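Going by my numbering, the residue at position 263 of the sequence shown is 299; the numbering climbs one at a time, nothing skipped.
C-beta: ideal position from N, C-alpha, C; glycine also.
Here the structure is a predicted model, which is why all the values come from computation and not from measurement.
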Amino acid sequence: MKKFMQLSKAPVPQREEAIASHWDSIDLLAKSVTSRPDDKPFVFYEGPPTANGRPGIHHVISRTLKDSVCRFKTMEGYQVKRKAGWDTHGLPVEIEVEKQLKLSSKQDIERYGIAKFNEKCRASVFTYEKAWRDMTRKMGYLLDLENPYITLDNDYVESVWWLLDQFFKQGYMYEGHKILPYCPRCGTGLASHEVAQGYQQIKSNTVVVTFQRKDTEEYFLVWTTTPWTLAANVALAVHPEVVYVKVEKEGKLYWLAKELAKAVLGEDFRVVEEVLGKELEGIEYHQLMPFLTADKKAFYV
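Below is the structure:
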């Protein structure tokens, strides 16, 4: 097997800078565009980062994938202009400014003044632009940073409204309903990645609830970490291969997993019956909060 030729023994940062400087000197991005025909474009607009936050290694990973696709399309003969963008709207910008101003709620922002708050946000959106430019250059990501689209520009905002108007006129827009996570502190809906950013491991109280069987005076003991969902309960889940027991405690009969019986009930109970979970499937129970009518079969194991 042939060995790879080592072109330079200089430290990686030095080689990195030498290559980047060479690409700058020959204007490599412009050459890659002008050497391809205008009538064979491959349109690329970078999903814009928010420049009021520092770039991280996860940005390097996603940008490497973007750069690879653009280079491949250029090699296929397409003209790829690689337009950069800056995202200047949304919660990331507002939350950073809230921290700077020591505001902690939507009401604080309103007291501070919405117009003044917006100006602070506008001033903060390019806080780390230089860090983003440096990272882009160091990782060899060819991108037209001199002619970016910026989401706060009126031309950009108006173009989005124009597109929505075209969609509406052509019948592609409709009104519907969608459940979204909501932040009461921010007073706004949240995107899935914004919810994920606040994820943390915590210890929380849980509840064990009794659901009465329809055919007899027996109860399923149900454990939940989300008691606020009980009002919408329509079914109970058991593992088909786990052993469940019917036990008697203080004159009442309960069903629960055998392995959890002592943890839930202590020592003072009597086992009456043992079955696999699959033998409980299909058993119906009384609705916990009977103020809604189900529109299909519900309230069964």
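Kindly indicate the opening and closing residues of the alpha helix (DSSP H) around residue i.
i	result
R249	Here R249 belongs to no alpha helix (DSSP H), and DSSP marks it neither H nor E.
T100	I93 to M111
T70	L64 to T70
F153	I150 to S160
D74	Run containing D74: none; DSSP gives neither H nor E here.
M171	E165 to K174
V300	A297 to L301
Given a cut-off of 8 Å, decide if residue j and residue i are closer than it, judged by their beta-carbon atoms.
i	j	result
L316	V337	yes
V283	F305	yes
E277	K294	no
E321	K205	First, the residue type needs correcting, since residue 321 is Tyr and not Glu in the sequence shown. Not closer than 8 Å, so no.
L289	Y280	no
N225	Y235	Looking at the sequence provided, one finds Gly at residue 225 rather than Asn. Their beta carbons are not under 8 Å apart, which means G225 does not touch Y235 by this criterion.
Y255	T246	yes
Taking DSSP as the reference, what is the three-state secondary structure of residue i?
i	result
Y208	coil
K282	strand
L200	helix
D180	strand
What residue does the beta strand (DSSP E) around residue i start on, and which one ends it?
i	result
E310	R306 to L312
P128	Run containing P128: none in the beta strand (DSSP E); it sits in the alpha helix (DSSP H), L127 to L137.
By DSSP's criteria, residue i is part of a beta bridge. Which residues make up the other side?
i	result
A271	Y336
T260	V243
G225	Y218
K288	K285
I186	W122
Q323	For Q323, which the question treats as bridged, DSSP gives no partner whatsoever.
Y255	Q248 and Y290
Y81	K119
Give a yes or no on contact between the stretch 196-210 and the stretch 103-112, applying the rule of three or more CB pairs nearer than 8 Å.
no
Stretch pair the stretch 118-130 + the stretch 48-57: three plus CB contacts closer than 8 Å:
no
So, do the stretch 91-101 and the stretch 161-181 have three or more beta carbon pairs nearer to each other than 8 Å?
yes
Mind the definition here: the stretch 172-188 touches the stretch 77-92 only if three or more C-beta pairs lie below 8 Å; say whether that holds.
Contact holds: three or more Cβ-Cβ distances are below 8 Å.
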